[in-house]
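Chains as they are written, first to last, in our numbering: chain A, 42 to 406; chain B, 42 to 406. Just so it is clear, CB atoms sit at the ideal spot from N, CA and C, and this is done for glycine as well. These notes are about the structure you will find just below.
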């Protein structure tokens, strides 16, 4: 991974308190904005990114050069219309695109590495709220996120209920299941099994645990796609050959695809960040934070909620979204829910989907 | 992994031809038997083992000391009754419990390692048929297997239709799907990313790619259990602690379980065998071997078939079993099919299940 280039960067004026009881000193949050902030500051939309996402929601990624990860959703005339809205997207703390994370310098001038405190989704949101404070934004028009971004949106709604008038949660969950944790644990063990990980102190070594990180990414990628989607996309088709090689090269297209996903990822992501962010997701359980009852997390909220799931998402299946909807109903919140049909599983929220566009556009109006 | 102790061992009298076009010289097959063979040799039941299984179906494993992997099913008075049947269970070629595999000596006296030829499920069965020839068993009373064992049972029925009167296939499939291949590819990449793998030449080094193999096993283990089963078994419960540690130890029971499964596995299994056997499974597609139509694979069979699936098995879901049943019906075969309800996903075929016992007992009568 190369050093992340400069984005807009906000230096938190005070130490960031963390759920662990520690505090993060000198934290910075890197962010991008799109569209003008209205004079009354009423048109701010905060977009929260997923595990391996970043602030480049609608602008080219500085390392890969690829278009923003939600360009189809965010821009002039798009469902989240930057002609009308001031869109903010910030890199979460713990990540590696300019916000404070394990690759950042600690007070002794060396990278934190595994000295970085373990953070939670609520800690990430605490950082985002500090950024909103810094930007003078009292209440968001909308907070929106898919996957881990949806966890942040729910956490904001639960813990800072006055800060968002609308909460849009896509392909997400209010808690990580045993299976979710299991997949992340495999990824972490793959990274930590790589000798180049060196207990996290690899930044000065000139090498990094790319092999382990690639395996982690490959395992995760399986969960992002549906079985049906994989079958439709790859089936048992061979890659650039007419017959099986009777060897261990990538004979099948699906093998080639996974290897490509794994190796491409290591160019843009820090392995220690992967450890910290997956840990934060595994710790995520909003009900647990609020006495064990999810409805209590949203008691008295005046925000409007929209919960969206995809029928082929087996990472955060529709049942998890329904669980959130039931809790919001029990809390007396205004909530709409839609399960969209899509062949591509969890990844569907990042892919072209006209009905999703319509749902987002209608809710953000 | 320690060297496998001696089992009964059969030295194939001729080179074993392989689907790759190569032949395996001097192959040996290690096997166990239980119960007496009838004088007319009509009571032989061949049990085919799964990916990481072995010949110790109903006797203690010589390395781990644990009971046989299907003790509850095989023995005096058990559903596969060794008072009546002569049960044969052989280690597949490619494995590491005494049958020829990558850890075996090649003709130059050094381990094959990655010089071992890539094999297929049909090659494994070719080895089993050679063993039956050696034992003088013309026709099996029943061939039975779960998971990869079921693949072998189907392959025997398709390619040597006269060799088994009854074919019992549990929690299996006639082809590996893109998702199945994807999980195996993650495991293989984890092994091959481990520097101790050393391109497979680790046998003389005193070390072995245990870290990579453990990660492979962990990833596979997720597929053996259902989401519901994982939730029931572990949920988000913490392991031996009252609160999250805000660290990277195994806070959750499911993490602890996976780590245990991963590290325990490396004591009894060879990493190269894991590569070869997963490859064989990924190559498995009976229809492809028979001109693209699964029914053609079973044309003219006179065997009776019983196909069993579990409703929570997402590795080889019921739809795959139905696919086999439809093909058998189209081929005019005698086939019964049952989907059993069980909470534990794919692993259910190894766990206590009274209805499975009854189905097996009734079919083998």
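Selection 350/B, 58/B, 166/B and 77/B evaluated against residue 363/B yields 350/B as nearest (Cα-Cα). Judged by DSSP secondary structure, residue 381/A falls within the beta strand (DSSP E) whose first and last residues are 375–381. Sixteen is the threshold: when 16 or more other Cβ atoms of the shown chains lie within 10 Å of the Cβ of residue 294/A, as they do, the residue is buried. One thing to note: residue 217/B has its Cβ within 8 angstroms of the Cβ of residue 322/B. Using a C-beta cut-off of 8 angstroms, the region 277–297 of chain B makes no contact with the region 359–378 of chain B, since fewer than three inter-stretch Cβ pairs fall below that distance. Relative to residue 193/A, the option among 391/A, 51/A and 326/A whose CA is nearest is 326/A. Boundaries for residue 263/A: no beta strand (DSSP E) harbours it, while the alpha helix (DSSP H) harbouring it runs 251–265, taken from the DSSP string.
The region 376–388 of chain A and the region 62–71 of chain B do not touch, with fewer than three beta-carbon pairs separated by less than 8 angstroms. By the neighbour-count definition (other C-beta atoms within 10 Å, threshold 16), residue 143/A is a buried residue.
Contact residues of the region 173–197 of chain B toward chain A are absent (C-beta to C-beta distance below 7 angstroms). The Cβ of residue 236/A sits closer than 8 angstroms to at least one Cβ of chain B.
DSSP, reduced to helix, strand and coil, places residue 330/B within a helical segment of the structure shown. The way I'd put it, the region 189–204 of chain A doesn't touch the region 215–231 of chain B; fewer than three beta-carbon pairs between them come closer than 8 angstroms. Looking from the CA of residue 141/A, the closest CA among 88/A, 390/A and 51/A belongs to 51/A. Below the 9 angstroms Cβ cutoff, chain B contributes no neighbours of residue 283/A, its closest Cβ being approximately 13 angstroms away. Shown here, residue 318/B sits in a helix according to DSSP, grouped into three states. Within the region 257–280 of chain A, the residues whose Cβ lies closer than 7 angstroms to any Cβ of chain B are, in chain order, 259, 260, 263, 268, 271, 272, 275, 276 and 277. Look at residue 296/B: its C-beta is under 8 angstroms from a C-beta on chain A. Secondary structure note for residue 195/B: its alpha helix (DSSP H) is the uninterrupted segment 189–200. At least 8 angstroms separates the beta-carbon of residue 95/B from that of residue 148/B.
Going by DSSP, residue 300/A is part of the alpha helix (DSSP H) stretching over 294–307.
In the three-state reduction of the DSSP assignment, residue 127/B falls in the strand class.
DSSP, reduced to helix, strand and coil, places residue 178/B outside both helices and strands of the structure shown, so it counts as coil. Remark: fewer than three beta-carbon pairs, one from each stretch, lie closer than 8 angstroms, so the region 148–167 of chain B and the region 272–281 of chain A are not flagged as touching. Interface annotation, residue 226/B: in contact with chain A, CB-CB separation under 8 angstroms. With the criterion set as a beta carbon lying under 8 angstroms from some beta carbon of chain A, the members of the region 317–344 of chain B are 320, 323, 324, 326 and 329, in sequence order. What residue 159/A touches in chain B, judged by beta-carbon distance under 7 angstroms, is 287 and 288, going in chain order. Of all residues in the region 203–225 of chain B, only 216, 217, 218, 219, 220, 222, 223 and 224 come within less than 8 angstroms of chain A when Cβ atoms are compared, listed by chain position.
Membership of residue 346/B in the beta strand (DSSP E) is indicated by the continuous run 345–351. The C-alpha of residue 131/B is placed about 28 angstroms away from the C-alpha of residue 248/B.
Looking from the CA of residue 266/B, the closest CA among 358/B, 162/B and 292/B belongs to 358/B.
Against chain A, the beta carbon of residue 252/B has neighbours under 7 angstroms at 234, listed in chain order.
Annotation: the continuous beta strand (DSSP E) that includes residue 87/A extends over 85–89.
Cα atoms of residue 113/A and residue 334/A: separation of roughly 37 angstroms, rounded to the nearest angstrom.
With contacts defined as CB atoms closer than 8 angstroms, residue 105/B and residue 76/B fail to qualify as a contacting pair. A straight line joining the alpha-carbon of residue 269/A with that of residue 121/A spans about 30 angstroms.
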